[in-house]
Amino acid sequence: MSTDTAKKDILRGGQFLVKETNCEDIFTLEDLNEEQRMMRESTKEFVDRELWAHWERFENKDYAFTEETMRKAGELGLLSVAVPESYGGMGMGFVSTMLVCDYISGATGSFSTAFGAHTGIGTMPITLYGSEEQKQKYVPRLASGEWFGAYCLTEPGAGSDANSGKTKAVLSEDGKSYSITGQKMWISNAGFCNMFIVFARIEDDKNITGFIVENDPSNGITLGDEEKKLGIHSSSTRQVFFNETKVSVENMLSTRGNGFKIAMNALNVGRIKLAAACLDAQRRVIGEATKYANERIQFKTPIMNFGAIKSKIAEMATSVYVDESASYRAAKNIEDRIAIREAEGNSHQEAELKGVEEYAIECSILKVAVSEDCQNTTDEGIQIFGGMGFSADTPMESAWRDSRIARIYEGTNEINRMLAVGMLVKKAMKGHVDLLGPATAVGEELMGIPSFDTPDFSELFAEEKDILKRLKKVFLMVAGSAVQKYGADLENHQQLMLAASDILIEVYMAESALLRTEKNAKRFGEEAQATQIAMSRLYLFNATETIINKGKEAIVSFAEGDEQRMMLMGLKRFTKYTNYPNVVALRTQIADKVAADNGYTFD
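For the sequence shown, UniProt numbering assigns the number 1 to the initial residue and increments by one for each residue that follows.
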């Protein structure tokens, strides 16, 4: 663990809401070290050469090509970044694993899905939960790309309710093996994998159990046809049927009944990695859209000169800048927490599990925000291309189709929204995040007379930081009152939780962008960060408008009479600007910079 990590008071998951973060204490893409920059460049070279240049093959359902490019990625070591060196991997830190996931995923969702399914849910459960014998036997093969992995959790009747699966595992009379029978669906990599992580129920256990099952068709394993899908055309996705498939007791993963926990922790990692996987897709769409807008002449001028196009390009660039800021902020928090736990004597397995679990709230926030930004960016990309964007001859329509699955993967966005708020409330009840004190203070503030002093907003982001503090109060006001009114029954008021979650998401994303830009303005100068300053201000304005809307929706839905009037007055007070930004001028400034660079150049 570095001295810097030891000295920093790292916020626990969810504490961003109630504690101030100094810009010096967050990690940004500009902080990448030389090794990480080289890793990024080699990953981009691989993607440009092997994936982007052949994007049409992925659209034509060339499953063999997906497998071929996965093997090439394995030869370059790109499948082994997160694997400890003792099992044939590179053993790189969490930020580096995010970096590779980010830049390897931008060309096509087909490869991105194969990569994520293999390195994440196909390999990681063994790395983090496997016995030493299991890790020595399987992980080196998976890390090199000699073998590929898949993950069998979802069933026809068990999707979001993952623990309700019907697949059975029956112990043999001699106690040496289990017989697995059941049906799994939507299994990525099923068509070419060598090994499955399979979840099944033993007897009438409350929770499912995980098993490592080698893909041997003679052992009662059959595959359905390749699924016909809206997007990710060359991602092999099949049903897998197990008919009394024999599995040695030594291949049970972790302990009996621990499968649900394995699945949930795998999802936490998968959520932040999914956010990373949506970043370079946005950058590439912006690049293609900008080039087209610079070259497309209408009414005797490039369409990039039109305000309507500038607005789209500016919002697209702002989204990915903010998404990068929040994703790498959280990734470094996780990496630092892992380092602290290892320094305290935890094994790497335990340290990584607990490190990611600590920031499960942020993982859910990122999964929702970035997947939806990616969908919006690809949609606007099509719009900028016009009729050509709707044509399969350009990569815009495939990018739009591929991005759609991201809102469903790793738990739907609706479930992740409710999880973010639910986990925060649970943390508060355990005393890990003090929500009660700040929420009570906000209630008292609402009863008091507001200050009419004019603050000094002369420093960079002084007003924006003041607004951000007040936006956090909106969440505390809304969520605190809802918890007070409904208590444990809050989870049954899903629409209120969704509204509160949107406020929480906007606060985290806006703060992450402001902190990144403030940090870089201090070291590179405000002039060098002029566009980034504009993007941070534009996003905060948009976030404030969202929070006004969602706050009002929640307040008028659960509060009445004087309480409702007081809270609506509080909402107005907490979301008020002293000096509104010129939104059109900000968008124009951002778009002009992107146009001049002929693409997104802020990473």
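All residues carry an ideal CB built from backbone N, CA and C; glycine is no exception. As the structure is a prediction and not an experimental result, all values here were calculated from the model.
*What residues are listed by DSSP as bridge partners for Leu-223?*
Residue 223 sits at position 223 when you count from the first residue of the sequence shown. According to DSSP, Leu-223 bridges with Val-240.
*Among Arg-523, Phe-94, Tyr-138, which residue has its Cα nearest to the Cα of Tyr-87?*
Along the sequence shown, read from residue 1 onward, the residue named residue 87 stands at position 87. It is Tyr-138 whose Cα lies nearest to the Cα of Tyr-87.
_Residue range of the alpha helix (DSSP H) that includes Thr-546_ = For this step, residue 546 is matched to residue 546 along the sequence shown. Element bounds for Thr-546: 530-558.
*Hey, is the region 454-474 in contact with the region 577-593, meaning 3+ C-beta pairs nearer than 8 Å?*
yes
*asked:* Counting C-beta neighbours from all protein chains within 10 Å, is the total for Asn-251 16 or more, i.e. buried, or is it exposed?
replied: As a first step, residue 251 is located in the sequence shown; it is residue number 251 there, counting from the start. Answer is buried; the Cβ neighbour count reaches 16.
*Please confirm whether Gly-149 and Cys-193 have their CB atoms less than 8 Å apart.*
Stepping through the sequence shown from its first residue, residue 149 is reached at position 149. Stepping through the sequence shown from its first residue, residue 193 is reached at position 193. Yes; because the gap between Cβ atoms is below 8 Å, this pair is in contact.
_Looking at Ile-361: is its Cβ nearer than 8 Å to the Cβ of Met-447?_
The residue you call residue 361 lines up with position 361 of the sequence shown. The residue you call residue 447 lines up with position 447 of the sequence shown. Not a contact, by the Cβ cut-off of 8 Å.
*Let me know if Phe-115 comes out buried or exposed under the rule of 16 or more other beta-carbons within 10 Å of its beta-carbon.*
If you number the sequence shown from 1, residue 115 lands on position 115. The residue in question, Phe-115, is buried, as its Cβ has 16 or more Cβ neighbours within 10 Å.
*Going by the beta-carbon positions, is the gap between Gly-191 and Glu-146 smaller than 8 Å?*
Translated into the one-based positions of the sequence shown, residue 191 becomes position 191. Translated into the one-based positions of the sequence shown, residue 146 becomes position 146. For Gly-191 and Glu-146, no; Cβs fall outside 8 Å.
*Spell out a yes or no on whether the region 558-570 and the region 277-292 are touching, meaning 3 or more CB-CB pairs, one atom from each, closer than 8 Å.*
no
_Our contact map puts Cys-363 next to Ile-272 with C-beta atoms below 8 Å; I'd like the distance itself, whole angstroms only._
Here residue 363 refers to the residue found at position 363 when the sequence shown is read from its first residue. Here residue 272 refers to the residue found at position 272 when the sequence shown is read from its first residue. So it is a contact: roughly 4 Å between Cβ atoms.
*In this structure, does DSSP put Leu-504 in helix, strand or coil?*
As a position in the sequence shown, residue 504 is number 504, starting the count at 1. Note: Leu-504 maps to helix in three-state DSSP.
*Look up Gly-191 in the DSSP assignment and say whether it is helix, strand or coil.*
In the sequence shown, residue 191 corresponds to position 191, counting from 1. Residue state, collapsed to three classes: coil.
*My guess is that Leu-366 and Ala-339 are in contact by the Cβ rule of under 8 Å, so how many angstroms apart are they, rounded?*
Residue 366 sits at position 366 when you count from the first residue of the sequence shown. Residue 339 sits at position 339 when you count from the first residue of the sequence shown. Not really, about 21 Å apart at Cβ, beyond 8 Å.
*CB Lys-168 to CB Ala-200, shorter than 8 Å?*
On the sequence shown, residue 168 is found 168 positions in, with the first residue counted as 1. On the sequence shown, residue 200 is found 200 positions in, with the first residue counted as 1. Against a cut-off of 8 Å, the Cβ pair of Ala-200 and Lys-168 comes out as a contact.
*Starting from the Cα of Glu-541, find the closest Cα among Lys-522, Asn-582, Ala-53, Ile-334 and give me that residue.*
The residue you call residue 541 lines up with position 541 of the sequence shown. Position check: residue 541 holds Phe in this sequence, whereas Glu was assumed. Comparing Cα-Cα distances from Phe-541 to each of Lys-522, Asn-582, Ala-53, Ile-334, the minimum goes to Asn-582.
*asked:* Looking at Ser-236: is its Cβ nearer than 8 Å to the Cβ of Asn-189?
replied: Residue numbering aside, residue 236 sits at position 236 when the sequence shown is read from its first letter. Residue numbering aside, residue 189 sits at position 189 when the sequence shown is read from its first letter. Cβ atoms of Ser-236 and Asn-189: closer than 8 Å.
*asked:* For the beta strand (DSSP E) containing Ile-212, name the first residue and the last one.
replied: By 1-based counting over the sequence shown, the position of residue 212 is 212. Counting along the chain, the beta strand (DSSP E) containing Ile-212 begins and ends at 209-214.
*Kindly indicate which three-state DSSP category Val-247 falls into: helix, strand or coil?*
Start at 1 with the first residue of the sequence shown, and residue 247 comes out as number 247. DSSP places Val-247 in strand when its eight states are reduced to three.
_Where the alpha helix (DSSP H) through Lys-354 begins and ends_ = The count along the sequence shown starts at 1 and reaches residue 354 at position 354. Counting along the chain, the alpha helix (DSSP H) containing Lys-354 begins and ends at 348-358.
_Residue ranges of each alpha helix (DSSP H) within the region 437-508, 4 or longer_ = 462-486
*By a C-beta neighbour count over all protein chains shown, 10 Å radius and 16 as the cutoff for buried, is Ile-121 buried or exposed?*
Residue 121 sits at position 121 when you count from the first residue of the sequence shown. So Ile-121 counts as buried.
*Ignore the nearest five residues each way along the sequence and tell me which others in Met-396's own chain have a CB closer than 6 Å to its CB.*
Within the sequence shown, numbered from 1, the residue matching residue 396 stands at position 396. Counting only Cβ-Cβ distances below 6 Å, and skipping sequence neighbours, we find Gly-381, Ile-382, Phe-385, Gly-389.
*List the endpoints of the continuous alpha helix (DSSP H) containing Ile-117.*
Stepping through the sequence shown from its first residue, residue 117 is reached at position 117. Correcting the residue type first, residue 117 is Ala in the shown sequence and not Ile. Note, Ala-117: premise wrong, no alpha helix (DSSP H); not H, not E.
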